[in-house]
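Chains as they are written, first to last, in this note's numbering: chain A, 20 to 445; chain B, 20 to 445; chain C, -18 to 137; chain D, -18 to 137.
We put the CB at the ideal spot given by N, CA and C, even for glycine.
On a predicted model such as this, the values are computed, not experimentally measured, just so you know.
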Amino acid sequence: MMSTALDVSRLRKDFPILERTVRGGRALVYLDSAATSQKPYAVLDAERAYYETSNAAVHRGAHQLAEEATDAYESARAAIAGFVGARAEDIVFTKNATESLNLAAYAFSNATAKAAQGGVVDPRLVLTPESSVVVTEMEHHANLIPWQELCAKTGAQLRWIGLTEDGRLDMDQLSVIDDTTAAVSIVHQSNILGTINPVRSIMDRAREVGALGIVDACQSIPHMRVNVEDLGADLLTWSGHKMLGPTGIGLLWGRSDVLNSLPPFLTGGSMIETVTMEGSTFAPAPQRFEAGVPMVAQAVGLEAAVRYLDGVGIEAIEQHEHELTAHALATLTQMPGVRVIGPESTVDRGSAISFVVDGLHPHDVGQVLDDRGVAVRVGHHCAWPTCRRYGVPATTRLSTYLYNDLDDIDAAAAGVRAAQEFFGVV
Amino acid sequence: MMSTALDVSRLRKDFPILERTVRGGRALVYLDSAATSQKPYAVLDAERAYYETSNAAVHRGAHQLAEEATDAYESARAAIAGFVGARAEDIVFTKNATESLNLAAYAFSNATAKAAQGGVVDPRLVLTPESSVVVTEMEHHANLIPWQELCAKTGAQLRWIGLTEDGRLDMDQLSVIDDTTAAVSIVHQSNILGTINPVRSIMDRAREVGALGIVDACQSIPHMRVNVEDLGADLLTWSGHKMLGPTGIGLLWGRSDVLNSLPPFLTGGSMIETVTMEGSTFAPAPQRFEAGVPMVAQAVGLEAAVRYLDGVGIEAIEQHEHELTAHALATLTQMPGVRVIGPESTVDRGSAISFVVDGLHPHDVGQVLDDRGVAVRVGHHCAWPTCRRYGVPATTRLSTYLYNDLDDIDAAAAGVRAAQEFFGVV
Amino acid sequence: MSDNVEALYQEIILDHYKHPRGAGLLDHASGESFQVNPTCGDEVTVGVRLDDDDHLHVGYEGQGCSISQASASVMTELLEDATLDRVADAERAFHELMHSKGAGQPNEDALGDGIAFAGVSKYPARIKCALLPWVALQDARLRAGIEIDKPTTPDA
Amino acid sequence: MSDNVEALYQEIILDHYKHPRGAGLLDHASGESFQVNPTCGDEVTVGVRLDDDDHLHVGYEGQGCSISQASASVMTELLEDATLDRVADAERAFHELMHSKGAGQPNEDALGDGIAFAGVSKYPARIKCALLPWVALQDARLRAGIEIDKPTTPDA
Ligand SMILES: Cc1ncc(COP(=O)(O)O)c(C=O)c1O
Ligand SMILES: Cc1ncc(COP(=O)(O)O)c(C=O)c1O
């Protein structure tokens, strides 16, 4: 069966890994793109070409290679910025979304500590035990633990917006955001439930109370058109490796005034203005947040990835994945003993689908699927509190991308049935 | 002219970029390896093969690709550990040495802040305005500013060991390390002066007063045999990109007990033990310090780099570079109007050589060299205080690696003479 | 199902999974250890106590996949009322088996039903599951101050 | 020396470098700005003041490479006693020239000796050097409250 929005069999030829077999000759059915995506030749070629022709330290040298490397790095920034409707100078390169989120959380702890020593900082970043920070109960650990740590360092209180039975944010709990709230950090699309959250209204609420609004867009930007302005956030974070890019590169976008009001995070070379032994002053964003020799080849690779995505068309990818999601939900919800954890409808929902099977542990489901060449992820998906909320120790999750087709969903469903039979639970 | 320790013309064939020309047909003479090194085919091939065959999220999946990716990542850790005589579990992957050094400095500020909120932390990491931190006057900004920031956040005092006229640490100032000292962080080999410091005795002194000892080995590990145990340090930091590896990967080694006494730095997925909304507990090192999807392909590339270095022989490389250094120093010190900033002898000295030319600004020297295909670095080399110490705004620096030969030094020297003539200063 | 997976899910394992032996926490444990597999959330608590003859008594409670739960059941059945010598041999043999990458000759004397886990060693992600109760046992033992002279963990 | 580098180091530039015009800080500046190029440490301080006829007076002090120092000298000579209109034209023309990647047709009316910097625009690392005094000028102007109606920085 073929989806209508994309010519998947043609696209698959661009991804060398999809030609390999696993577990003794089984065709690979890769349904783990929410963990990390596969890479097309275009990305691998771009990275390699950079090393073979222009590799040098950026922003530092006066020789031709250094010029070319700097140009490659800054062009990559511009291309990636364009992909999300941002200005290049508002995009910071990090190593992954986790670092980006930590950068946001550390802005508060660093400012708080400096203020206590008499330093001059943006007062909105200074926390006290009366302050609060708000997240949701469906955060990835990357958008939970940095805020827990911030609270452990400042005495501020961590609050969260709970979830409804059908996998949505309980918007009745929006009142946890109040005058004490300094930061509201929420996931755009949940990596475990697939839910797409109404971030705009939550960010508006954050703005009303004067809190910084942060959105974890790890699972949305690879799969749908996101324009940084539309979300109403102050900071946006995501990863390159989930959108066909190399490992080792993440992104932070910030409103210009907000970015430039944050204290530095990692400090060292290339982020300074002047340095003496007694003290230093810092460059404006994005340099302020890019200390040390950066991931230049990875930026170049990620530029190739967004160009590739643009070539295919992100809207077409979104529509294609919508078809896959509808098919997967229809199939799974009809299977006896299978329960989807997260929204069962395709409304405001991405393609990451978690489910549990009566009488079977996800690890065992995943093992049988793997034996058939179907790669899914099992576990708590770095969203352990969300599992607890739904009373499951773990789930099996399938997640798609542009290179998956309806057949892949069917292969997964057949695997689940086989597991049920093998373990004698149907 | 050929050096005797290495067959450079054969080795050069392994580095594709060295075949290119610059500035309208000039052969590339790359003398900027202290900024970043070039990459052999072996490294590029290994990275690419990883993406083409085994790419997946590590430590998280139960499918075959995830197993292979995890295996590739952990094998890389073991190989890199072996290169410096360490145990695999004492090696942490970061994005660059700058992150590694920040991790060390943040251990203190995080512990201090948590202690103030009643958290349980290692008391050696808690600073007060009575505490001091010691660096040297020849630190790269990456090993200076994180400690300045730490002091700004805790009120602790930053002290430093000054320099002698001939570019050495003034060991008479070792007494700045005293009972108040919580951390001593020093560079093994200076990236601007080339000086190799007597780190062992300074680390011994740190240990005597109960301070944590940290060594920035960015410029030593790529160029000489370093065994982590020998230096007497608690933590050691360096970068992959300066030792033939990819961009986007750095290293931290720590004594097992020290590593495991540090609080987490970047927090998120894959570094936890258990997570609830109310609080989390953390995995032991190295996982504790590797939050998020890591730079897997870069680790695989770096493994190929250390295997390549082992194949050539790090001792042979050291001897080869020693010859280059001797030749460069002999040549430069005899040129009228040229002054070396840093040791003029080859004793305890690496191959990074800074110099200034009377009447000529380094930028202009570098420009003329670049025009002749010779890539050097000009500026303060992220060691601005060191420049100030020697009364120069900037220097021209040449730095070598295994792919350079004596001819390259001569090409640089000829370029300097040409610059002097062009600007009419000789 | 491939041979490897058939080998992974031996009948014995499935049987222990469906009909766990000795499940339930030990009353009056002198040492107890809670272990969790951070990737998948598998949990097990193992409690131990020595009787007057220096024989071990074991109890456990847990939740998780077939491998971790069957492993706890097999271990408990094997080591209930065992001498410390037997415990040492079993711990060592089980660790060895898990690190054998599918090539191990399981020691039936030491392991009993535990030999059924030979197939697990081919699946790195599942080794942790199988080891979980054994890690808990060792930790519980140490907390109870029950030392064993022989080394129980190979240097793998 | 290649043609490009000859074009970079025009005679005029070398001449201004060796014989700077108008060097020295301005007494009674109404606005002053210190700028530094963080990569190489080049520094320049520019001070400005308007006289009663609304003509600009400029002074500077600095250290650095030939390009940054010659640029400061050229700029100061060009804008000393200039009308604000002329200042606006010069600022705009110089920024445009720097962003022209070597393809710009320098506007001699607006730039005077400044046209000699056309070759700089081919060397990204040197553009910052040439712009340094101009950035300081603009900043000093703004600090002195000297606004110019025309846009002075192209969108490049
Ligand atoms: C001595 C020294 N320390 C630290 C660094 C920082 O390394 P990186 O930029 O790779 O983080 C460098 C190189 O730039 C260096 O030479
Ligand atoms: C929703 C969400 N947030 C954050 C992350 C963390 O991203 P990374 O591991 O690339 O830092 C992920 C992916 O793992 C994610 O799915």
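By alpha-carbon distance to A/Ala97, the top candidate from A/Glu322, A/Glu337, A/Gln338 and A/Pro404 is A/Glu322. At the C-beta level, C/Tyr41 and C/Thr57 come within 9 Å of one another. Distance from the C-beta of B/Asn115 to the nearest heavy atom of ligand 1 is below 8 Å. The alpha helix (DSSP H) runs of length 4 or more contained entirely in the stretch 309 to 338 of chain A are, from start to end of the chain, 315 to 331. Nearest CB-CB separation between B/His78 and chain C: below the 9 Å threshold.
Around A/Ser151, the same chain offers Ala175, Gln176, Leu177, Arg178, Val195, Asp197, Thr199, Thr200 and Ala201 as residues with beta carbons nearer than 8 Å, after the five sequence neighbours per side are excluded.
Our two residues, D/Asp(-4) and A/Ala85, have alpha carbons roughly 29 Å apart in a direct line.
B/Glu168 is positioned such that its CB atom lies closer than 9 Å to that of A/Asn129. In the DSSP assignment, no residue is bridged to B/Thr72.
As computed with DSSP, D/Gln44 is found in a beta bridge with D/Glu24.
Interface residue (Cβ-Cβ distance to chain A less than 9 Å): B/Ser150 is not classified as such. Here the stretch 378 to 397 of chain A does not lie against the stretch 25 to 35 of chain A, with fewer than 3 beta-carbon pairs under 8 Å apart. D/Gly43 is positioned such that its CB atom lies no closer than 9 Å to that of D/Leu112. Between ligand 1 and B/Cys406, a heavy atom-to-CB distance of less than 8 Å is absent.
With a contact defined as Cβ atoms closer than 8 Å, B/Gly232 and B/Met222 qualify at about 4 Å. In the three-state scheme derived from DSSP, where H, G and I count as helix and E and B as strand, D/Gln86 is classed as coil. At the C-beta level, B/Pro59 and B/Leu343 stay beyond 9 Å of one another. In summary, the residues of the stretch 128 to 157 of chain A whose CB is separated from some CB of chain B by less than 7 Å are Ser128, Asn129, Ala132, Lys133, Gln136, Gly138 and Glu156, in the order they occur in the chain. Put simply, the CB of B/Val325 is far from chain D, with every gap to its CB atoms at 9 Å or more.
When beta bridges are read from the DSSP output, A/Asp235 appears opposite A/Val206 and A/Thr256. Between the alpha carbons of B/Ser289 and A/Trp403 lies a gap of roughly 12 Å. The Cβ of B/Thr295 sits no closer than 9 Å to any Cβ of chain C. No Cβ of chain C is located within less than 9 Å of the beta carbon of B/Ala95. Those residues of the stretch 4 to 28 of chain C placed with their C-beta closer than 7 Å to a C-beta in chain B are Val17, Pro19 and Thr20, ordered along the chain. Following the DSSP letters along the chain, one finds A/Val153 inside the beta strand (DSSP E) bounded by residues Ser151 to Thr155. Taking the Cβ atoms as the reference, B/Asp249 lies roughly 11 Å from B/His207, outside the contact range of under 8 Å. A/Thr414 and C/Arg2 have their C-alpha atoms some 26 Å from each other.
With fewer than 16 other Cβ atoms from the protein chains shown falling within 10 Å of its own Cβ, A/Ser220 counts as exposed. Between A/Cys237 and A/Ala126, the gap from beta carbon to beta carbon reaches 9 Å or more.
In terms of beta-carbon proximity, A/Gly398 lines the interface with chain C, with at least one pair separated by less than 9 Å. Under the Cβ distance rule, A/Ala201 does not count among the residues neighbouring chain D, no pair being separated by less than 9 Å. A/Val445 and A/Pro355 have their C-alpha atoms roughly 8 Å apart. The DSSP-derived three-state label of B/Phe127 is helix.
Beyond the five residues adjoining it in sequence on each side, A/Thr300 comes within less than 6 Å, by CB distance, of Glu292 and Thr293 in the same chain, given in chain order.
Residue environment for A/Asp276: exposed (fewer than 16 other C-beta atoms within 10 angstroms of its C-beta).
For B/Ala76, the closest of B/Asp377, B/Arg67, B/Pro381 and B/Asp90 by C-alpha to C-alpha distance is B/Asp90.
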